[in-house]
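So the structure is just underneath, and the comments pick up after that.
Number of protein chains: 4
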Amino acid sequence: MGPVSARLGQPTNRKPPFKFSAFTRVGFSDTDAQGIVYYGRYLPYFDLARVEYERHLGLLDLEIGEEEFVMRSSSVLYEAPARFDDLLEVFVRTKRIGRTSMANEYRAIRVADDVLMCTAEHVLVLVSLGERCAVPIGEAYRESVAAFEGADLELSGPAT
Amino acid sequence: MGPVSARLGQPTNRKPPFKFSAFTRVGFSDTDAQGIVYYGRYLPYFDLARVEYERHLGLLDLEIGEEEFVMRSSSVLYEAPARFDDLLEVFVRTKRIGRTSMANEYRAIRVADDVLMCTAEHVLVLVSLGERCAVPIGEAYRESVAAFEGADLELSGPAT
Amino acid sequence: MGPVSARLGQPTNRKPPFKFSAFTRVGFSDTDAQGIVYYGRYLPYFDLARVEYERHLGLLDLEIGEEEFVMRSSSVLYEAPARFDDLLEVFVRTKRIGRTSMANEYRAIRVADDVLMCTAEHVLVLVSLGERCAVPIGEAYRESVAAFEGADLELSGPAT
Amino acid sequence: MGPVSARLGQPTNRKPPFKFSAFTRVGFSDTDAQGIVYYGRYLPYFDLARVEYERHLGLLDLEIGEEEFVMRSSSVLYEAPARFDDLLEVFVRTKRIGRTSMANEYRAIRVADDVLMCTAEHVLVLVSLGERCAVPIGEAYRESVAAFEGADLELSGPAT
Chain Y
8 MGPVSARLGQ
18 PTNRKPPFKF
28 SAFTRVGFSD
38 TDAQGIVYYG
48 RYLPYFDLAR
58 VEYERHLGLL
68 DLEIGEEEFV
78 MRSSSVLYEA
88 PARFDDLLEV
98 FVRTKRIGRT
108 SMANEYRAIR
118 VADDVLMCTA
128 EHVLVLVSLG
138 ERCAVPIGEA
148 YRESVAAFEG
158 ADLELSGPAT
Chain H
8 MGPVSARLGQ
18 PTNRKPPFKF
28 SAFTRVGFSD
38 TDAQGIVYYG
48 RYLPYFDLAR
58 VEYERHLGLL
68 DLEIGEEEFV
78 MRSSSVLYEA
88 PARFDDLLEV
98 FVRTKRIGRT
108 SMANEYRAIR
118 VADDVLMCTA
128 EHVLVLVSLG
138 ERCAVPIGEA
148 YRESVAAFEG
158 ADLELSGPAT
Chain L
8 MGPVSARLGQ
18 PTNRKPPFKF
28 SAFTRVGFSD
38 TDAQGIVYYG
48 RYLPYFDLAR
58 VEYERHLGLL
68 DLEIGEEEFV
78 MRSSSVLYEA
88 PARFDDLLEV
98 FVRTKRIGRT
108 SMANEYRAIR
118 VADDVLMCTA
128 EHVLVLVSLG
138 ERCAVPIGEA
148 YRESVAAFEG
158 ADLELSGPAT
Chain A
8 MGPVSARLGQ
18 PTNRKPPFKF
28 SAFTRVGFSD
38 TDAQGIVYYG
48 RYLPYFDLAR
58 VEYERHLGLL
68 DLEIGEEEFV
78 MRSSSVLYEA
88 PARFDDLLEV
98 FVRTKRIGRT
108 SMANEYRAIR
118 VADDVLMCTA
128 EHVLVLVSLG
138 ERCAVPIGEA
148 YRESVAAFEG
158 ADLELSGPAT
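Here the protein sequences line up with chains Y, H, L and A, keeping their order. Residues in the first sequence are numbered from 8 upward in steps of one, following our numbering. Residues in the second sequence are numbered from 8 upward in steps of one, following our numbering. Residues in the third sequence are numbered from 8 upward in steps of one, following our numbering. Residues in the fourth sequence are numbered from 8 upward in steps of one, following our numbering.
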């Protein structure tokens with residue numbers, strides 16, 4: 008029963024253009040002395056949603072190799088504070104894929120009252136492990152994302 | 008469907024004397040430059056299992072008030088290293104309840120191969136929020152734990 | 008000798024318009040399995056620089072009371088990856104003060120080779136602790152910042 | 008002036024048998040909703056003290072290679088809670104060196120009032136990077152530690 012209970016991500020149509028979301032709970036170690044979630048602790052929530060998204064699209068194993076995505080920019084807009092034990096639903100989508108980079112968008116809401124906690128956009132660049140210079144994103148990755156995101160995906164974005 | 012997918016803890020009889028476990032996945036932010044989970048990052052996994060344990064026993068709300076449990080000691084024994092995206096099952100039990108303190112025991116295994124990652128014991132003391140001095144653990148808390156843990160619970164441990 | 012060794016922040020004129028910087032070292036727990044600093048772990052470095060900046064301006068105690076600054080937005084641009092034990096110099100400045108919000112700018116460089124690791128901008132809003140609604144930033148705070156930042160500070164920015 | 012300001016560790020004779028300590032400040036991200044330092048966040052403080060200790064003894068570079076120390080056990084005893092911006096002095100010593108393992112002891116005090124926050128003992132094992140099996144600690148490492156710790160070091164401890 009383990010794997011079933013542990014499936015935290017799933018397709019969804021509740022918040023278009025998002026098509027996927029994952030659940031996570033605010034742990035005690037995520038809070039700070041203001042009694043709310045420390046602003047930097049939302050980033051692992053976004054990571055978790057992205058991992059489940061990639062697992063669903065069969066992209067998790069594709070990434071392992073001589074190349075890896077590295078963070079180029081991260082922008083978070085905080086709307087309301089989450090607190091200990093809040094159940095959050097984190098929506099994730101690929102907004103744009105360029106030649107060597109992609110932009111991921113996030114939206115975290117509190118399940119209990121559907122209140123928006125924060126939104127975010129991450130730009131990642133695929134780099135070679137050695138010289139860490141930008142390399143083209145493979146067609147398999149690009150096609151899997153395009154098939155899932157459909158018309159909402161910007162394919163002609165400028166490469167970073 | 009949210010609440011169902013997000014239920015991470017459940018009773019279990021696979022690793023007695025443990026009677027409860029929770030699932031968690033190793034996030035990328037939990038790893039360090041050795042390529043394995045940073046030794047301090049298992050502590051939030053233990054917290055997560057304990058929170059689900061307390062939720063199952065109806066103790067989560069009981070805690071909120073003028074008193075709170077604070078960590079008195081934490082001992083972790085590391086057996087094997089977990090890695091990014093490993094699914095872990097964290098077993099948790101109350102081993103002993105004294106007058107003002109309790110000892111919780113943990114056991115984290117990797118689901119894929121049932122290999123033991125680490126074991127831990129935490130001693131917590133109930134303190135008043137103001138002066139932070141030890142106060143007796145209430146009967147309701149004690150009885151809920153005793154009913155769930157049964158004969159495996161040491162009730163006559165020395166108070167800290 | 009403690010306080011002297013522990014003074015991590017100081018005024019500087021090496022990277023105008025920044026006028027203050029603080030030093031920090033990359034700890035092992037800041038790294039991830041890519042062998043570099045996890046992208047979210049730069050945020051505590053920015054916090055550290057800001058705390059030393061506020062200490063230098065006599066603003067640290069001023070904050071404690073019925074109001075507190077909360078994060079409204081955080082944008083980080085990653086230029087190069089820091090690694091374990093890198094000594095970083097984090098430049099910090101107040102870029103703009105509006106009626107209830109302010110924008111802080113950061114720039115982290117590696118001391119060994121003066122290479123830029125990342126830049127960031129945080130917008131914070133002063134809120135009341137109860138209802139968490141925006142309240143005006145006090146004149147004492149505003150004047151201390153204006154005296155230190157001089158002509159580089161935008162005072163007429165739109166309130167958030 | 009950078010390197011000087013950033014030197015956080017130094018020999019000391021204030022708390023024998025400790026002979027070395029390092030300073031660190033409690034960052035905001037180290038606190039939790041109890042208003043105190045999260046119990047797991049002392050571990051990076053211990054790491055920091057250990058890194059400065061190894062730097063002082065010329066052991067930091069010695070470690071890099073085909074072998075690395077991994078955590079075998081970590082025990083922390085919490086005496087009093089540290090809070091945001093507390094300046095801590097973390098004493099560190101090698102208590103014992105066996106054939107393939109060593110025990111490090113820590114003691115964190117608050118500088119302002121010399122109050123003990125916590126003590127800890129870590130046992131580390133030197134392992135080969137590939138198979139991760141225990142390998143003997145080199146003579147150079149052992150001799151540097153023995154020269155610094157003197158008679159307080161247990162050399163004949165049982166190998167883990």
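Ideal placement from N, C-alpha and C gives every residue a C-beta, glycine not left out.
Chain-order list of chain A residues neighbouring residue 39 (chain Y): 35, 36, 38, 39, 40, by C-beta distance under 8 Å. Here residue 121 (chain L) is not near residue 33 (chain L), since their CB atoms are 7 Å or more apart.
Around the beta carbon of residue 156 (chain A), 16 or more other beta carbons sit within 10 angstroms, so the residue counts as buried. Remark: C-beta atoms of residue 162 (chain L) and residue 144 (chain L) do not approach each other more closely than 7 Å.
Measuring C-alpha to C-alpha distances from residue 154 (chain A) to each of A:138, A:54, A:66 identifies A:66 as the nearest. Note: residue 96 (chain Y) is bridge-paired with Y:30, Y:116 in the DSSP secondary-structure output. Residue 90 (chain Y) and residue 38 (chain Y) have their C-alpha atoms some 7 Å from each other. Buried is the label assigned to residue 115 (chain A), since at least 16 other Cβ atoms lie within 10 Å of its Cβ. When CB distances to chain L are screened at a threshold of 9 Å, the residues of the segment 77-103 of chain H falling below it are 90, 91, in chain order.
Counting every other CB atom within 10 Å of its CB across the protein chains shown gives residue 108 (chain A) a total of 16 or more, marking it as buried. Inter-segment contact for the segment 41-54 of chain H and the segment 16-23 of chain H is absent: fewer than three beta-carbon pairs are separated by less than 8 Å. Annotation for residue 156 (chain A): the continuous alpha helix (DSSP H) segment containing it runs 146-156. By the C-beta density criterion, residue 136 (chain A) is exposed, having fewer than 16 other C-beta atoms within 10 angstroms. For residue 68 (chain L), no CB of chain A lies under 7 Å from its own CB, so it is not counted at the interface with that chain. Under the 7 Å criterion on CB atoms, residue 121 (chain L) is classed as non-interfacial with respect to chain A. Beta-bridge pairing by DSSP links residue 129 (chain A) to A:81, A:111. DSSP places residue 141 (chain Y) in the strand class (E or B) of the three-state scheme. Contact residues of the segment 41-68 of chain A toward chain Y are 42, 45, 47 (C-beta to C-beta distance below 7 Å). Within the same chain, 135, 136 come within 7 Å of residue 73 (chain L) by CB-CB distance, once the 5 residues on both sides are set aside.
Burial is judged here by how many other beta carbons sit within 10 angstroms of a residue's own beta carbon; residue 21 (chain A) has fewer than 16 and is exposed.
For residue 53 (chain A), the three-state secondary structure derived from DSSP is helix.
In this structure, H:110 is the residue among H:106, H:94, H:110 with its C-alpha nearest to the C-alpha of residue 100 (chain H). By the CB criterion at 7 Å, residue 83 (chain L) and residue 29 (chain L) fall outside the cutoff. Just measuring C-alpha positions, the residue of H:62, H:57, H:118, H:46 sitting nearest residue 131 (chain H) is H:57.
Shortest Cα-Cα distance from residue 96 (chain Y) to any of Y:49, Y:78, Y:61 involves Y:49. Put simply, the backbone Cα of residue 54 (chain A) is about 7 Å away from that of residue 35 (chain L).
Residue 17 (chain H): member of the beta strand (DSSP E) spanning 16-18, first to last residue. The contact set of residue 75 (chain Y) on chain L, defined by CB atoms closer than 8 Å, consists of 41 in chain order. Taking a C-beta distance under 7 Å as the contact criterion, residue 125 (chain Y) and residue 150 (chain Y) do not qualify as a contact pair.
Cα atoms of residue 148 (chain Y) and residue 75 (chain Y): separation of roughly 12 Å, rounded to the nearest angstrom. Of the residues A:102, A:51, A:141, A:88, the one whose Cα lies closest to the Cα of residue 123 (chain A) is A:88. Inclusion of residue 60 (chain H) and residue 27 (chain H) in the CB contact set at 7 Å is warranted, their separation being smaller than that value. Secondary structure at residue 161 (chain H): strand, using DSSP grouped into helix, strand and coil.
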